[in-house]
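Visitor:
Next up, the structure:
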């Protein structure tokens, strides 16, 4: 009647948190722990199975508040089991900090002798391993090492150590050395009876690919009918093979990657499939595409990997990795528009963050940002997203995240330049990256990848702003880079590199008369590459190919052909919503008509200006206005 309580269907609740707090303070301090314990025991005893699950956190919290008053070891073990259950439920809800507190509460209830009997040993291992897993997600490194160390010291078999090793490898790879993480994974794989060659040369790689090809059924879809893997050791091997492949990627190396993914596929085909098989088949799709140039099989394996994610609930942990491979590497080798893959990248980021796999989520974020840039995504919105992801990467305070943030730095600077936020829009230098950045990482594995991205984006800027001297320098640097098959395939479906490289070479052939033949040869090589890609990647490539052909026709004085090809490039780019390529095609067509004093030039420059503005490239729009709209 005083409004302190509100009647519910099955009980009451306080009408306000402050009233509940005031009521709680009426309990003497000395009696509170016993009150919590009494209440927790009562709730636990009277709750049905459904009610206990629905109120699991409340029951466990009440009991934990009075746990130090429990003096019977069997009751402590039962509460420790309840804490483990509550912690796992919290993990499933992405509540990692509460999960950690439940696991810690459970650990506080077990004693040395519980490690020595069969009923308590499994519980102890589960609690300590679960605790370490949460500490990895939350970045509590010292506590992680302590709990992993406890498991490794008390374990008597390799199988008991495997879960702790799994956490330790992840910690090593993200905080210390990705290379060491790969080495540790390979050692464990060896101990589990699946040794890999120590000399992963081209012959060994091709031999494993051929062996894997013979095991694959003629119809890839038939793999979905395989039984689930039952061999526990092979399941563990799959987990460590996947870890090794992940950290090979992050280390900037790829020598072992084909061997790792081939073994994953071989084990899946021989012993049955498991949650990790999804990532294995996706990665093998990249391997087949890179080494055999079999894009159809690669696409089939990508679809199989996606179906495998749906088959296994546990494969949700692999979903971000699978999506990053399928939609970031394999799908760009199909006729699917790049922009259509963006929602899948966003979903992969969301899932990765929700399950605590921040590192894989940020790999997916880099895939998203790269694809968005090449799709003609509005640059202002893209930069906002880039800044958010950069803060997330740096906020994790993990070395692997610093690497990912560094590899995306040239793209951030590129977008910043186009947005008009740099002193010299033609120079890839400013807040995010500068020339010293490349020197700083000289000699490291990621240096070549960083150089690759830097040279490519600098060449793109140089072409846009007509700094052909620097463009020539970047083009020549590209010729000296050694690009491994896997790395080439990863970026090959994204045809913009070949496009910019070819356009730069064509313009240099026009200007560098003493080296005209050299640059024409380089241009022709790029043109042949793009022609081959456009057969499969028509919607993503054809407008680029037509623009390159238009430039060639213009170079050789074939004016009617050039005019027709410029029109085609403009129309196809507009049809498929590549606003940035449409702007460039309009600009180049304007330059073509300007050389013959054609009145069409002004109209084309105006349209190019509008397209650059729509894209958000303010500095480039200003360049068009200054150079072509005031003549």
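In the numbering used here, the protein residues as written are 664 to 1294.
All residues carry an ideal CB built from backbone N, CA and C; glycine is no exception.
1. Alpha carbon to alpha carbon, how far is residue 1056 from residue 745?
2. Note the first and the last residue of the continuous beta strand (DSSP E) segment covering residue 906.
3. Between the stretch 949 to 968 and the stretch 867 to 880, do three or more beta carbon pairs fall short of 8 Å?
4. Using the DSSP secondary-structure output, state which residues sit across from residue 1288 in a beta bridge.
5. Under a Cβ-count criterion, where at least 16 other Cβ atoms within 10 Å of its own Cβ denotes burial, should residue 692 be classed as buried or exposed?
6. Among residues of its own chain, excluding the 5 on either side of residue 818, which ones have a beta-carbon nearer than 8 Å to its beta-carbon?
7. Between the Cα of residue 1066 and those of 937, 1112 and 1087, spot the shortest distance and give me the residue it belongs to.
8. Do you know offhand how far residue 784's Cα is from residue 771's?
9. Taking the beta strand (DSSP E) that residue 668 falls in, what are its first and last residues?
10. Could you name each continuous alpha helix (DSSP H) segment of 4 residues or more that falls completely within the stretch 696 to 784, going from the start of the chain to the end?
11. If I measure Cβ to Cβ from residue 726 and keep anything under 6 Å in the same chain, skipping five residues before and after, which residues do I get?
12. Have a look at residue 963 and residue 883 and give me their C-alpha separation to the nearest angstrom.
13. Near residue 1235, what residues of its chain come up, given a Cβ to Cβ distance below 7 Å and the 5 sequence neighbours on each side ignored?
14. In whole angstroms, what separates the C-alpha of residue 1267 from that of residue 1114?
15. Answer with buried or exposed for residue 814, where buried requires no fewer than 16 other C-beta atoms within 10 angstroms of its C-beta.
16. For residue 1212, is the classification buried or exposed, using 16 other Cβ atoms within 10 angstroms of its Cβ as the cut-off for buried?
17. Nearest by alpha-carbon distance to residue 1131: which of 901, 1143, 1163 and 1101 is it?
18. Does any C-beta atom of chain B lie closer than 8 Å to the C-beta of residue 928?
19. I want to check one thing, is the minimum distance from the CB of residue 1085 to the heavy atoms of the ligand ADP below 7 Å?
20. Can you give me the Cβ contacts of residue 777 inside the same chain, cut-off strictly under 6 Å, excluding the 5 residues immediately before and after it?
21. Excluding sequence positions up to five away, which residues of its chain have a Cβ less than 7 Å from the Cβ of residue 838?
22. Closest by CA to residue 1122, which one among 1090, 1094, 1099 and 1095?
23. For residue 1288 and residue 1085, I'd like the C-alpha separation in whole angstroms.
24. With distance defined between alpha-carbon atoms, name the residue in 1116, 913, 1110 and 1100 nearest to residue 1074.
25. Based on the DSSP secondary-structure assignment, which residues constitute the bridge partners of residue 674?
26. Using only the alpha-carbon positions, how far apart do residue 1232 and residue 990 sit?
27. Along the alpha helix (DSSP H) that carries residue 994, what are the first and last residues, could you check?
28. In the DSSP assignment, what are the bridge partners of residue 850?
29. Considering residue 1175, what are the terminal residues of the alpha helix (DSSP H) in which it resides?
30. What's the call for residue 708, buried or exposed, on a 16-neighbour Cβ count within 10 Å?
31. Grouping DSSP H, G and I as helix and E and B as strand, with all else coil, what is residue 860?
32. Examine the Cβ distances between the stretch 977 to 995 and the stretch 1018 to 1030 and report whether three or more of them are shorter than 8 Å.
33. Does DSSP classify residue 820 as helix, strand or coil?
34. Do the CB positions of residue 923 and residue 907 come within less than 8 Å of each other?
35. Less than 8 Å between the beta carbons of residue 1165 and residue 1135, yes or no?
36. Might you give, ordered along the chain, the residues of its own chain that have their beta carbon closer than 7 Å to the beta carbon of residue 902, omitting 5 neighbours on each side?
Guide: Reading off the structure:
1. To locate residue 1056, count along the chain shown from 1; it is residue 393. To locate residue 745, count along the chain shown from 1; it is residue 82. Those two C-alpha atoms are separated by around 35 Å.
2. The residue you call residue 906 lines up with position 243 of the chain shown. Note, residue 906: premise wrong, no beta strand (DSSP E); alpha helix (DSSP H) at 895 to 914.
3. yes
4. Residue 1288 sits at position 625 when you count from the first residue of the chain shown. The partner list for residue 1288 (beta bridge, DSSP) is empty, contrary to what the question assumes.
5. The sequence position of residue 692 within the chain shown is 29, counting from 1. Exposed, because fewer than 16 other Cβ atoms sit within 10 Å of the Cβ of residue 692.
6. As a first step, residue 818 is located in the chain shown; it is residue number 155 there, counting from the start. Correct list, in chain order: 788, 824 and 827.
7. Translated into positions along the chain shown, residue 1066 becomes position 403. It is 1112 whose Cα lies nearest to the Cα of residue 1066.
8. The count along the chain shown starts at 1 and reaches residue 784 at position 121. The count along the chain shown starts at 1 and reaches residue 771 at position 108. Cα-Cα distance, rounded: 15 Å.
9. By one-based count along the chain shown, residue 668 stands at place 5. Taken as a continuous stretch (DSSP letters only), the beta strand (DSSP E) holding residue 668 covers 668 to 671.
10. 712 to 717, 719 to 728, 736 to 755 and 759 to 770
11. Within the chain shown, the letter at position 63 stands for residue 726. So the list reads 703 and 742, once near-sequence residues are dropped.
12. Residue mapping note: residue 963 aligns to position 300 of the chain shown, counting from 1. Residue mapping note: residue 883 aligns to position 220 of the chain shown, counting from 1. Distance between the alpha carbons of residue 963 and residue 883: 7 Å.
13. For the purposes of this step, residue 1235 is taken as the residue at position 572 of the chain shown. Taken in chain order, the residues that qualify are 1205, 1206 and 1209.
14. The residue given as residue 1267 occupies position 604 in the chain shown. The residue given as residue 1114 occupies position 451 in the chain shown. Taking the straight line joining both Cα atoms gives about 35 Å.
15. Position 151 of the chain shown, counted from the first residue, corresponds to residue 814. Classification of residue 814: buried, given that the 10 Å Cβ count is 16 or more.
16. Position 549 of the chain shown holds residue 1212. So residue 1212 counts as buried.
17. As a working mapping, residue 1131 is identified with position 468 in the chain shown. The candidate whose alpha carbon is nearest that of residue 1131 is 1163.
18. Within the model displayed, chain B is absent; a lone protein chain is all it includes.
19. Ligands displayed in this structure: none; no statement on the ligand ADP is therefore possible.
20. For this step, residue 777 is matched to residue 114 along the chain shown. Cβ within range, chain order: 783 and 787.
21. Within the chain shown, numbered from 1, the residue matching residue 838 stands at position 175. For residue 838, where only same-chain residues beyond five positions count, the Cβ hits under 7 Å are 804, 1061 and 1062.
22. As a working note, residue 1122 is residue 459 in the chain shown. With distances taken between Cα atoms, residue 1122 lies closest to 1090.
23. Within the chain shown, numbered from 1, the residue matching residue 1288 stands at position 625. Within the chain shown, numbered from 1, the residue matching residue 1085 stands at position 422. The alpha-carbon atoms of residue 1288 and residue 1085 are separated by roughly 18 Å.
24. Position 411 of the chain shown, counting from 1, holds the residue named residue 1074. It is 1116.
25. In the chain shown, the residue the question calls residue 674 occupies position 11. Residue 674 pairs with 671.
26. As a working note, residue 1232 is residue 569 in the chain shown. As a working note, residue 990 is residue 327 in the chain shown. Rounded to whole angstroms, residue 1232 to residue 990 spans 26 Å at the Cα level.
27. Looking up residue 994 in the chain shown gives position 331. Careful: residue 994 lies outside any alpha helix (DSSP H) and carries neither H nor E.
28. Counted from its first residue, the chain shown places residue 850 at position 187. Partner(s): none; residue 850 has no beta bridge.
29. Position 512 of the chain shown, counted from the start, is the residue given in the question as residue 1175. Unbroken run through residue 1175: none, as it is neither H nor E.
30. The residue labelled residue 708 in the question sits at position 45 within the chain shown. By the neighbour-count rule (16 or more Cβ atoms within 10 Å), residue 708 is not buried but exposed.
31. Stepping through the chain shown from its first residue, residue 860 is reached at position 197. Residue state, collapsed to three classes: coil.
32. yes
33. Here residue 820 is taken as the residue at index 157 of the chain shown, counted from 1. Coil at residue 820, not helix or strand.
34. What you label residue 923 is simply residue 260 of the chain shown in a count that begins at 1. What you label residue 907 is simply residue 244 of the chain shown in a count that begins at 1. In this structure, residue 907 lies closer than 8 Å to residue 923 by Cβ.
35. Residue 1165 sits at position 502 when you count from the first residue of the chain shown. Residue 1135 sits at position 472 when you count from the first residue of the chain shown. Their beta carbons are not under 8 Å apart, which means residue 1165 does not touch residue 1135 by this criterion.
36. On the chain shown, residue 902 is found 239 positions in, with the first residue counted as 1. Taken in chain order, the residues that qualify are 829 and 939.
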